[in-house]
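Below: one structure, written as structure tokens.
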Amino acid sequence: MRILDVTRLAWGQIKRRKVVTGLCMLGLSIGCSAIVVALSLGDSVQSYVSREVTAQFKMDEITVMPNEGVSQGGGPTATKTGANSNVGKLTEQKLDIIRGLKHVTAAAPFQDAGYFELLTADNKISNFNLVVTDLSLLTKYDFSFQQGVPSKQIGSVVLNYGATIGLMDIETQKKLMESLSSNSYDPEVMRQYDELSRMPSNLYRQQVQFRHSDYETSTGGVKSYLSSQLQVAGILKKADGMSADQAMYDKKIYVSQETYDRLKDEFNIKPEKPEMGQTYNQALIRVDSQDNLPQVETLIKKLTLNTSNNLYQLEQLKSQFAMFKMVALGVGGFILIIASISIIVAMTMSTHQRRRQIGIMKVLGSNMRQIRTMFIMEAALLGFMGGVLGIGFSYLIVEGINKLVSSSGQMTMGTGESLVVSIPLNSIPVGIVFAVLTGVLSGIYPAISAARTNALTAIKRD
Amino acid sequence: MLRVENISHTFKSGSEVTPVLHNISFEVHQGDMVALLGSSGSGKSTMLNLMAGLMKPTEGHIYIADQDIVKMGENKLAVFRRKNIGFIFQAYELITSLTVRENVELPLVFQSVSPSVRKKKSLALLEAVGIPDKSELFPSQLSGGQQQRVSIARSLITEPSIIFADEPTGNLDTTTEEEIIRILIDLNKKMKTTFIVVTHEPEVAQRMQRIFTLRDGHMITEKRGTAESEPAEGVPDSENS
């Protein structure tokens with residue numbers, strides 16, 4: 001029997017029994033669309049969150065820190081080198097070795113020197129995190145200058161975008177803090193706070209000073225030190241993917257090692273162990289690609305240093321989304337099983353109703369295999385049509401989800417970009433194949449039952 | 001062509017055994033037009049089912065084209081039926097979702113015959129039964145007589161050696177009945193196809209060349225009918241079984 005003839009005969013039955021066809025298709029289409037939407041949602045959310053994470057966490061950087069256990073000579077991992085050893089320290093010599101490693105594009109100290117207060121010429125203040133690094137290498141770490149250029153001059157500082165906003169005079173800051181503590185739920189106070197926290201100041205080429213407060217004086221009081229005048233040599237752009245809210249809390253000022261040495265003198269900060277030479281508490285290593293990061297990291301660890309990177313964020317996301325996908329597919333599969341049962345019932349009833357016709361076909365010369373094939377083809381066609389309808393439903397559902405997300409404005413992360421669910425092209429055949437397979441599997445029992453119909457029924461008259 | 005040898009058949013329902021056919025034997029030759037006449041319960045339909053291989057007899061043998069169909073399995077029988085046997089049903093039994101032409105072609109579809117050959121043969125047969133202009137209509141658009149013509153054309157499409165017609169005029173009025181009988185006689189004359197017509201109407205049986213009469217499962221007579229064509233050799237004018 002030719003495949004076209006089988007299809008035509010099956011199609012004829014499908015057309016004739018519109019209600020049964022409609023119900024079977026509906027069940028299959030719901031199952032199919034559940035699978036397609038689940039896949040699409042899983043893919044879209046995963047790529048959205050991955051994009052957001054990649055934008056916020058640099059995936060091609062390794063943060064290197066001293067191996068404290070070794071360098072301090074304590075703890076179970078300590079070596080015999082003892083407390084006076086340089087083994088676990090992050091030294092300039094080790095950084096030089098790292099710079100020579102394959103795939104490393106930049107290696108520079110990014111020492112966290114702690115929090116200080118910034119004072120401008122017009123008496124505005126703000127707190128910031130001081131980072132000691134090689135200013136000339138900033139651009140190698142994807143920092144770009146909004147104003148100015150890195151300067152090697154001692155006393156030059158570079159501010160990130162966050163450090164230029166939210167500066168206010170002492171009086172205003174005091175009043176705002178008082179209002180916040182007494183009316184913390186007052187929307188007007190919150191609005192004022194937000195407004196002032198985001199207000200930019202033009203600090204480029206301005207003279208600024210840092211204030212350091214020492215809380216560990218011998219008298220038990222607090223002693224303040226004010227630095228000499230510092231020149232703002234550059235302002236960095238807000239990082240891509242960073243929201244305005246995030247920028248408010250990311251206030252950093254970058255200085256060179258030489259400037260920091262001068263500041264330490266002015267703030268009376270003593271080096272921990274000057275005899276050890278130049279050591280750092282943190283360095284950032286840039287690698288040419290995310291794929292080469294683990295390899296470089298392994299080599300750095302061999303220098304008895306601690307490392308960390310952001311790849312685990314992606315790994316964690318991957319496992320979470322794999323689970324989400326499995327659950328969603330499970331739901332889709334469950335719906336398909338329900339649809340499958342409805343097809344089995346509908347087709348078995350149809351077999352019963354058509355037993356006379358099946359008998360006639362047998363009398364006219366069709367064998368059991370041909371009858372089975374006709375029924376399975378019918379089920380496959382139902383599956384295909386249900387699948388196509390399901391794809392249509394999926395597009396409608398996805399459109400609905402997107403409208404809901406965009407109108408609620410809730411599903412936004414750091415970049416401020418909202419989640420847009422799209423149906424990946426490869427999920428369309430997957431959905432249709434699932435629907436056809438469900439149809440075919442559901443059609444097997446009715447097909448066998450139909451093929452067993454006794455031809456005698458054809459000529460028996462009621 | 002068809003040889004029935006010592007056929008007996010009983011129906012069993014629980015412990016109850018009902019004999020329906022008793023030691024029936026007869027022979028039909030190529031080109032014969034035979035009526036199997038009997039009233040309700042005479043066993044004529046059971047005889048038809050046995051001859052068509054739709055049932056197995058309790059005893060005896062049935063040979064069509066020298067092959068014992070009693071010994072055949074279902075699939076072999078399906079293939080045999082396709083090639084050798086045609087059917088005409090009382091209620092026409094056309095597939096409502098197919099057009100007239102597609103209905104006629106159906107037995108060839110099961111033989112995987114190409115669409116062009118099928119179309120050519122079906123149109124020729126529709127012409128032969130007098131409804132060439134109805135080929136693209138659906139059965140529901142035809143009268144009873146026209147539907148039976150389609151059924152006749154369908155039975156002939158595989159060029160079978162024998163056609164079983166089960167009360168072919170049972171659902172038709174007298175005028176249409178006459179038309180259908182006329183068509184069967186003409187086709188028998190032209191194509192030399194063997195027809196076995198099961199009927200309870202003596203008027204219909206009378207139009208055939210030979211009449212086998214069944215009563216209570218026994219073959220009581222075989223006699224010559226009044227069909228225009230001559231019966232095959234060796235058939236007596238009238239004889240008791």
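Protein chains in written order, with UniProt numbering: chain A, 1 to 462; chain B, 1 to 241.
For every residue, glycine included, the Cβ atom is placed at its ideal position computed from N, Cα and C.
- Short of 6 Å from the beta carbon of A:Leu-167, and not among the five residues preceding or following it, lie these beta carbons of its own chain, in chain order: Lys-124, Ser-126, Ser-201.
- Neighbours of B:Arg-182 across chain A, judged by C-beta separation under 8 Å, do not exist; the nearest C-beta is about 24 Å away.
- Taking a Cβ-Cβ cut-off of 8 Å, A:Val-398 has no neighbours in chain B, whose nearest Cβ is about 36 Å from it.
- DSSP places A:His-352 in the uninterrupted alpha helix (DSSP H) bounded by 311 to 353.
- Between A:Val-405 and A:Val-104 a beta carbon distance of about 41 Å is seen, past the 8 Å cut, so the two are scored as non-contacting.
- The beta carbon of A:Asp-5 falls within 8 Å of a beta carbon belonging to chain B, placing the residue at that interface.
- At the C-beta level, A:Arg-211 and A:Leu-90 stay beyond 8 Å of one another.
- Within the region 142 to 210 of chain A, the complete alpha helix (DSSP H) segments at least 4 residues long are 170 to 182, 187 to 197, listed from N- to C-terminus.
- Exclusion of the five residues before and after A:Ser-227 leaves Gln-209, Phe-210, Leu-263, Glu-266 as the residues of its chain whose Cβ lies within less than 6 Å of its Cβ.
- In summary, A:Ser-44 is buried, with 16 or more beta-carbon neighbours lying within 10 Å of its beta-carbon over all protein chains present.
- Under the DSSP definition of a beta bridge, A:Met-65 partners with A:Asn-306.
- Shown here, A:Glu-297 sits in a helix according to DSSP, grouped into three states.
- The alpha carbon of B:Ser-8 has as its nearest neighbour, out of B:Thr-213, B:Ser-97, B:Val-117, B:Leu-21, the alpha carbon of B:Leu-21.
- In the structure shown, the three-state DSSP call for B:Met-51 is helix.
- Under DSSP, A:Glu-266 shares a beta bridge with no residue.
- The alpha-carbon of B:Asp-173 is positioned some 22 Å away from that of B:Val-100.
- Contact check between the region 54 to 72 of chain B and the region 144 to 155 of chain B: fewer than three CB pairs, one atom from each, fall below 8 Å, which does not count as touching.
- For the set A:Ile-432, A:Asn-268, A:Leu-396, the Cα lying nearest the Cα of A:Gly-333 is the one of A:Ile-432.
- Look at the beta carbons and you see the region 278 to 287 of chain A touching the region 106 to 118 of chain A: at least three pairs across the two are nearer than 8 Å.
- C-alpha of A:Gly-148 to C-alpha of A:Ala-233: approximately 6 Å in a straight line.
- Only those residues of the region 438 to 455 of chain A whose C-beta falls short of 9 Å from the nearest C-beta of chain B are listed: Asn-454, Ala-455.
- Short of 7 Å from the beta carbon of A:Val-331, and not among the five residues preceding or following it, lie these beta carbons of its own chain, in chain order: Ala-34, Ala-38.
- In chain order, Glu-74, Asn-75, Ala-78 make up the part of chain B whose C-beta sits under 9 Å from the C-beta of A:Met-368.
- Ranked by how close their Cα comes to the Cα of A:Gly-359, the residues A:Ala-450, A:Gln-207, A:Leu-135, A:Leu-138 have A:Ala-450 in first place.
- The C-beta separation of A:Gln-316 from B:Ser-97 comes to about 57 Å, leaving the pair out of contact by the 8 Å criterion.
- Residues of the region 11 to 38 of chain A with a Cβ closer than 8 Å to any Cβ of chain B, in chain order: Gly-12, Gln-13, Lys-15, Arg-16.
- Look at B:Phe-195: its C-beta is not under 8 Å from any C-beta on chain A.
- At a cut-off of 8 Å between beta carbons, B:Asn-23 makes no contact with chain A.
- Within chain B, no residue has its beta carbon less than 9 Å from that of A:Val-388; the closest one is some 22 Å off.
- In this structure, the CA atom of A:Thr-373 is about 45 Å from the CA atom of A:Tyr-48.
- B:Asn-6 counts as exposed, since fewer than 16 other beta carbons sit within 10 angstroms of its beta carbon.
- With a threshold of 8 Å between beta carbons, A:Leu-364 makes contact with chain B.
- The straight-line gap separating the alpha-carbon atoms of A:Ser-197 and A:Leu-389 is approximately 52 Å.
- The three-state secondary structure of A:Asp-214, taken from DSSP, is strand.
- Following the DSSP letters along the chain, one finds B:Thr-174 inside the alpha helix (DSSP H) bounded by residues 174 to 191.
- Contact annotation: the region 82 to 89 of chain B does not touch the region 117 to 137 of chain B, with fewer than three C-beta pairs closer than 8 Å.
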